[in-house]
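Here the structure comes first, spelled out in structure tokens, and everything after it is commentary.
Numbering (this note's numbering), first residue to last: 32 to 140.
Next up, the structure:
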């Protein structure tokens with residue numbers, strides 16, 4: 032994701048999550064050079080250890096509402112999101128710098 036570039040639609044069924052759009056809908060994310068930003072609050076939880084799986088994200092408690100997450104907090108371990116549509120999302124920032132962030136998203140029904 033380029034800094035202040037495309038949004039990513041976490042409800043999209045396209046392989047690239049609808050990249051190429053700049054509209055902010057309920058479940059979109061964008062990168063501002065420091066944080067992943069969401070147009071509406073999402074619930075987030077950074078796991079203490081281990082990779083996020085559907086069973087983990089769905090069962091965990093302790094989510095907090097947020098409209099942004101600092102990318103340096105998402106290098107390790109993976110975080111879980113609950114987005115406006117009710118879906119669970121696992122995300123991990125693979126690499127980031129001021130210009131762009133490489134983010135791995137897994138979205139479950």
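We put the CB at the ideal spot given by N, CA and C, even for glycine.
Since the structure is predicted, the reported quantities are computational estimates derived from the model, not experimental observations.
Boundaries (first-last residue) of the alpha helix (DSSP H) holding residue i
| i | result |
| --- | --- |
| residue 85 | 85–90 |
For residue i, the first and last residue of its enclosing beta strand (DSSP E)
| i | result |
| --- | --- |
| residue 129 | No beta strand (DSSP E) holds residue 129; DSSP gives it neither H nor E. |
| residue 70 | 66–77 |
| residue 61 | 59–62 |
Cβ-based burial, residue i [other Cβ within 10 Å; buried from 16]
| i | result |
| --- | --- |
| residue 132 | buried |
| residue 124 | buried |
| residue 138 | buried |
| residue 95 | exposed |
| residue 75 | buried |
| residue 67 | buried |
| residue 72 | exposed |
| residue 44 | exposed |
| residue 92 | exposed |
| residue 104 | exposed |
| residue 60 | buried |
| residue 40 | buried |
| residue 128 | exposed |
Nearest candidate by alpha-carbon position, reference residue i, set the options
| i | options | result |
| --- | --- | --- |
| residue 88 | 106, 72, 33, 112 | 112 |
| residue 62 | 117, 71, 99, 136 | 99 |
| residue 119 | 83, 79, 35 | 83 |
| residue 33 | 65, 140, 77 | 65 |
Collapsed DSSP secondary structure at residue i in the structure displayed
| i | result |
| --- | --- |
| residue 102 | helix |
| residue 109 | coil |
| residue 37 | coil |
Residues sharing a beta bridge with residue i, DSSP
| i | result |
| --- | --- |
| residue 95 | 75 |
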